[in-house]
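**Student:** The letter at position 29 of the sequence shown is residue 29 when you use full-length UniProt numbering, and the numbering goes up by one with no holes. Pasting in a structure now, in structure tokens, and then I'll have a few things to ask.
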Amino acid sequence: MEPVPSGEDGTAPDGCATRVTAALAGDGACIARARHLAADFLSRVRVERGLPVSPRAVDLTQLVVSELVTNACKYAPGPVLMDLCITGEMVEVVVRDSDSELPVARAAEVGRVGQHGLEIVMAVAQGFEVQREPVGKRVTARIALLDDPGGAVAGRRPL
Numbered sequence: 001m002e003p004v005p006s007g008e009d010g011t012a013p014d015g016c017a018t019r020v021t022a023a024l025a026g027d028g029a030c031i032a033r034a035r036h037l038a039a040d041f042l043s044r045v046r047v048e049r050g051l052p053v054s055p056r057a058v059d060l061t062q063l064v065v066s067e068l069v070t071n072a073c074k075y076a077p078g079p080v081l082m083d084l085c086i087t088g089e090m091v092e093v094v095v096r097d098s099d100s101e102l103p104v105a106r107a108a109e110v111g112r113v114g115q116h117g118l119e120i121v122m123a124v125a126q127g128f129e130v131q132r133e134p135v136g137k138r139v140t141a142r143i144a145l146l147d148d149p150g151g152a153v154a155g156r157r158p159l
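Okay, structure coming up:
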């Protein structure tokens, strides 16, 4: 994991307690690499920091990473920067790419095959935002590390 300067409470100035950053080539192989990095990061957080991380959180984080990195590789030329950060009881997934066009979730269309990645991310994340940067954009999704005892994802009510 990449070291992050911390304050007296052990968190970085941006509130991140533990972080890993990876520069990905932007090719098809980087998607699998990003998923593995996410799973390894959450495993290390569990072991090294003693934070509880549910198996569901690992699965959802890998899904979100896969969707966001896939979109970055598909629509933006060049490398992709992925940042994973623990903030409180959430893992924050940040993907930066060189395309300044902001993604928009599409309305449901009968018979549409594919292009559901953003909708999936928004459905499983507790927080989602997209911001333009001086070069390209930053897409951020936050996923709860724990499930509620009743099986609901923390921060969401059961249906």
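For glycine and all other residues, C-beta sits at the position ideal for the given N, C-alpha and C.
Name the DSSP bridge partner or partners of Ala141?
**Tutor:** DSSP output for Ala141 lists Val93, Phe128 as bridge partner(s).
**Student:** Given a cut-off of 8 angstroms, decide if Val64 and Val124 are closer than it, judged by their beta-carbon atoms.
**Tutor:** In this structure, Val64 lies closer than 8 angstroms to Val124 by Cβ.
**Student:** Taking the continuous alpha helix (DSSP H) assigned at Val64, which residues delimit it?
**Tutor:** Val64 -> alpha helix (DSSP H) spans 55-75.
**Student:** What residue does the beta strand (DSSP E) around Val20 start on, and which one ends it?
**Tutor:** From DSSP, the beta strand (DSSP E) with Val20 extends over 18-24.
**Student:** With H, G and I counted as helix, E and B as strand and the rest as coil, what does DSSP make of Leu42?
**Tutor:** Residue state, collapsed to three classes: helix.
**Student:** Leu37 by DSSP, collapsed to three states: which one?
**Tutor:** In this structure, Leu37 counts as helix in the three-state DSSP scheme.
**Student:** So is Leu102 buried or exposed if we call it buried at 16+ other beta carbons inside 10 Å?
**Tutor:** Flag for Leu102 reads exposed.
**Student:** Can you name the start and end residues of the beta strand (DSSP E) that Leu81 belongs to?
**Tutor:** Unbroken beta strand (DSSP E) run through Leu81: 80-87.
**Student:** Given a cut-off of 8 angstroms on the beta-carbon distance, is the pair Arg142 and Glu92 in contact?
**Tutor:** Result yes, Cβ atoms of Arg142 and Glu92 sit closer than 8 angstroms.
**Student:** Quick one, are the C-beta atoms of Val80 and Thr140 less than 8 angstroms apart?
**Tutor:** No; because the gap between Cβ atoms is not below 8 angstroms, this pair is not in contact.
**Student:** Do you know how far the Cα of Lys74 is from the Cα of Asp97?
**Tutor:** Spanning the two alpha carbons is a distance of roughly 10 angstroms.
**Student:** Pull up the distance between the alpha-carbon of Ala39 and that of Glu109, whole angstroms please.
**Tutor:** When rounded, the distance between both Cα atoms is 33 angstroms.
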